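Okay, structure first, notes after.
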Amino acid sequence: MAYIIGILSTKGGVGKSSIARALAVAISSSGYRVRLCDLDIAQTTTVDWYKRRLQNGGDTLASVEMFRTVDDALKNTVDLQPSFDAIILDMPGRSSVETYKLAHAANLIIQPTSGTLDDLVPAVRLYHELKAKGIPYEKMAFTLNRITTEAEAAQALEYIRRTGYDVLDGILQDKAGYKMAQNIGRTLQETNYSTLNEAAEELLGSIINRLTGNR
Ligand SMILES: Nc1ncnc2c1ncn2[C@@H]1O[C@H](COP(=O)(O)OP(=O)(O)OP(=O)(O)O)[C@@H](O)[C@H]1O
Ligand SMILES: [Mg+2]
Numbered sequence: 071m072a073y074i075i076g077i078l079s080t081k082g083g084v085g086k087s088s089i090a091r092a093l094a095v096a097i098s099s100s101g102y103r104v105r106l107c108d109l110d111i112a113q114t115t116t117v118d119w120y121k122r123r124l125q126n127g128g129d130t131l132a133s134v135e136m137f138r139t140v141d142d143a144l145k146n147t148v149d150l151q152p153s154f155d156a157i158i159l160d161m162p163g164r165s166s167v168e169t170y171k172l173a174h175a176a177n178l179i180i181q182p183t184s185g186t187l188d189d190l191v192p193a194v195r196l197y198h199e200l201k202a203k204g205i206p207y208e209k210m211a212f213t214l215n216r217i218t219t220e221a222e223a224a225q226a227l228e229y230i231r232r233t234g235y236d237v238l239d240g241i242l243q244d245k246a247g248y249k250m251a252q253n254i255g256r257t258l259q260e261t262n263y264s265t266l267n268e269a270a271e272e273l274l275g276s277i278i279n280r281l282t283g284n285r
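Position 171 of the sequence shown, counting from 1, maps to 241 under our numbering, and the rest follow consecutively.
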């Protein structure tokens, strides 16, 4: 069975698509077959990014496709699941019945958030709602992205720690280098700056450890 990872948040612009594609590339480079599903049909961010990746000579992925619903993404992959080790779903920035469907089906859900209370409060509320619907704690993790100062990171970590949810290792700062890389079809771990790549690799490694531990 493929390991299903959902990247979601009720907030827009927190880094869902950036983390989804970075993760797809990282898992693929570790020798696994990955399907990357773009569920944001209004924006098509991830499939557009993949076109830029191919145009710029980047490494290919086994599958990058649009799907209208979580059911479609998973139904269409069920037959193919033996040939995929991991399926990553990049969700749109809003909460809906799709959010719950994905949380239910996934082995792991990752919610990126910045360190502001504007982002943290609804992020924690979403996990509380999912928990109330029976989604187990261990499935839900936060990742800190677009962090501007160490103080912001420390405050965010403390805020999340008090809720009991997990925060993945590897905190990503808000850096122009990440934007520039993605503009040319690269990922968060493929920037021109080793410190940025190392932070992204720490985050991605912590997710891959869960995947390999599950196999
Ligand atoms: N760590 C970062 N530093 C700088 N820019 C970043 C970082 N992470 C993401 N970005 C940029 O922020 C913007 C939003 O990122 P992204 O598209 O990944 O978020 P999203 O949560 O998928 O947004 P949406 O809700 O619109 O789907 C993009 O322009 C992206 O390149
Ligand atoms: Mg997106």
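Yeah, the Cβ is synthetic: ideal placement off N, Cα and C, and Gly gets one too.
Only a predicted model underlies this, so the values are computations on that prediction, with no experimental measurement involved.
DSSP-derived helix/strand/coil call for residue i
i      : result
Val194 : helix
Ile74  : strand
Ser153 : helix
Gln259 : coil
Asp142 : helix
Asp189 : helix
Lys203 : coil
Ser306 : This structure does not reach residue 306, given that the chain is present from 71 up to 285, and the question cannot be answered.
Thr169 : helix
According to DSSP, residues forming a beta bridge with residue i
i      : result
Ser87  : Answer is none; Ser87 lacks a bridge partner.
Ile179 : Gly76, Met210
Val104 : Ala156
Ile217 : Gln243
Asp110 : The partner list for Asp110 (beta bridge, DSSP) is empty, contrary to what the question assumes.
Asp236 : Ala211
Residue interval of the alpha helix (DSSP H) (run including residue i)
i      : result
Thr115 : 115-125
Met250 : 246-253
Gln225 : 220-233
Residue i: first and last residue of the uninterrupted beta strand (DSSP E) it sits in
i      : result
Met210 : 210-214
Ser133 : 133-136
Leu281 : Where Leu281 is concerned, there is no enclosing beta strand (DSSP E), although the alpha helix (DSSP H) it sits in stretches over 264-284.
Buried or exposed by the 16-neighbour rule on C-beta atoms within 10 Å, applied to residue i
i      : result
Gln125 : exposed
Thr218 : exposed
Ile111 : exposed
Asn262 : exposed
Asp118 : exposed
Asn267 : buried
Asp141 : exposed
Ala202 : exposed
Thr169 : buried
Ser264 : exposed
Pro206 : exposed
Gly204 : exposed
Gly240 : buried
Ser87  : buried
Val194 : buried
Cβ pair residue i, residue j closer than 8 Å
i      : j      : result
Asp244 : Lys81  : no
Leu238 : Leu200 : no
Ile97  : Ala156 : yes
Lys209 : Ile179 : yes
Leu242 : Arg216 : yes
Val84  : Ser165 : no
Leu159 : Cys107 : yes
Phe212 : Gln181 : yes
Tyr120 : Val104 : no
Ala90  : Thr130 : no
Phe137 : Ala72  : no
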